[in-house]
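Below is one structure, written out as structure tokens; comments come after it.
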Ligand code: 6PG
């Protein structure tokens, strides 16, 4: 019996419908209370799926960006202007279009030694995010995607970061890609107030079915379960094609 929270899953006819709904989730959170700190901390997903949402956010003149800090769930070990950089994609589709000052944009330094870059990012998280859950920084919203293999952020199947229980950010060797990535870990992902997955396309259908099926063999994305927060899976019909 799967313990996947089916109530977290919403299936949309098209990726446009998915992105329209995701925009409303983000708008609501950015319109919400900024708490004592007066700040809101939002982690952006990499890859290509989130581009549609980022473009919608960039075009939405009603959003209050005051106090918003933009973070990243993971980054490739490339310079910030490299075509593979998640930061570059976010700059082009969102960051250069919205009034968030550089001091509130927190880039993972993919050009540096990945271990040092992970340590720097963890220290930065601790310094800037005051909300805590059992000592762990609490993001207001973390956006995530999922790969065809069921990875999320840079938590890939069979990699050491999956077993990390203390560190919030690690350098994760990914043999299947012959590279090292910088990634948030489950301890900080699962401390978030809201986690929103955006999954689109038939190539994701087997992995999504495995996530929903649950169990010990479930892919890495299945283990993102906010301990006190809200979990949302926004998927399109193509990605939901193998769901029971
Ligand atoms: C990355 C992402 C990764 C991404 C998935 C899905 O750095 O690649 O953080 O986790 O979300 O690979 O990517 P697509 O949206 O391009 O399918």
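Numbering (the working numbering), first residue to last: 10 to 253. Using N, Cα and C, we set each Cβ at its ideal position, and we do this for glycine too.
Any non-hydrogen atom of the ligand COA within 7 Å of residue i CB
i	result
residue 161	Looking at this structure, you won't find the ligand COA anywhere; what it does contain is the ligand 6PG.
In DSSP terms, what residue i is bridged to
i	result
residue 78	50
residue 114	79
Reduced DSSP secondary structure (H/G/I, E/B, other) of residue i
i	result
residue 233	coil
residue 169	helix
residue 84	strand
residue 72	coil
residue 220	helix
residue 35	helix
residue 138	coil
residue 147	coil
residue 239	strand
residue 20	strand
residue 90	coil
Inter-residue CB distance, residue i and residue j (contact presumed, cutoff 8 Å)
i	j	result
residue 217	residue 244	6 Å
residue 15	residue 30	The Cβ separation is near 17 Å, so there is no contact.
residue 247	residue 209	7 Å
residue 201	residue 235	5 Å
residue 192	residue 164	6 Å
residue 89	residue 96	5 Å
residue 147	residue 195	That pair is no contact at about 14 Å.
Residue i vs residue j beta-carbon contact at 8 Å
i	j	result
residue 99	residue 53	yes
residue 86	residue 149	no
residue 166	residue 110	no
residue 140	residue 11	no
residue 207	residue 59	yes
residue 77	residue 103	no
residue 61	residue 154	no
residue 79	residue 38	no
Practice item. Write down every uninterrupted run of the beta strand (DSSP E) in the stretch 175–200 whose length is 3 residues or greater and which is fully enclosed by it, in chain order. Key: 178–183, 188–193
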